[in-house]
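Taking the numbering used here as reference, the numbering of the sequence shown is continuous, increasing by one, and the terminal residue is 77. Below is one structure; the comments refer to it alone.
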Amino acid sequence: MWINKRLGELDDPKHLARNVAEVGHWGNGDYEITVHDSKDLEYIMSLVKQTL
């Protein structure tokens, strides 16, 4: 999934979001998140909430 925040605006201390600002992609925003473990879902939702 892509997070619609500009590079440098996302507070991600676990560094789960990938910088895709200079990479072609189909989503909006400068961050990409891939869910590898369901244990991270609560943290990922906190990243998504930063876009609201």
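Cβ coordinates follow ideal geometry from the N, Cα and C atoms, glycine included. Only a predicted model underlies this, so the values are computations on that prediction, with no experimental measurement involved.
Those residues which DSSP pairs with residue i across a bridge
| i | result |
| --- | --- |
| E57 | W27, R43 |
Closest residue to residue i among the options (Cα-Cα distance)
| i | options | result |
| --- | --- | --- |
| E57 | V48, E67, K64 | V48 |
| W27 | L66, W51, E67 | W51 |
Cβ separation of residue i and residue j, assumed to be a contact under 8 Å, to the nearest whole Å
| i | j | result |
| --- | --- | --- |
| K30 | T59 | Actually they are not in contact, since the Cβ atoms of K30 and T59 sit about 16 Å apart, beyond 8 Å. |
| L32 | D55 | 4 Å |
| I69 | L35 | Actually they are not in contact, since the Cβ atoms of I69 and L35 sit about 12 Å apart, beyond 8 Å. |
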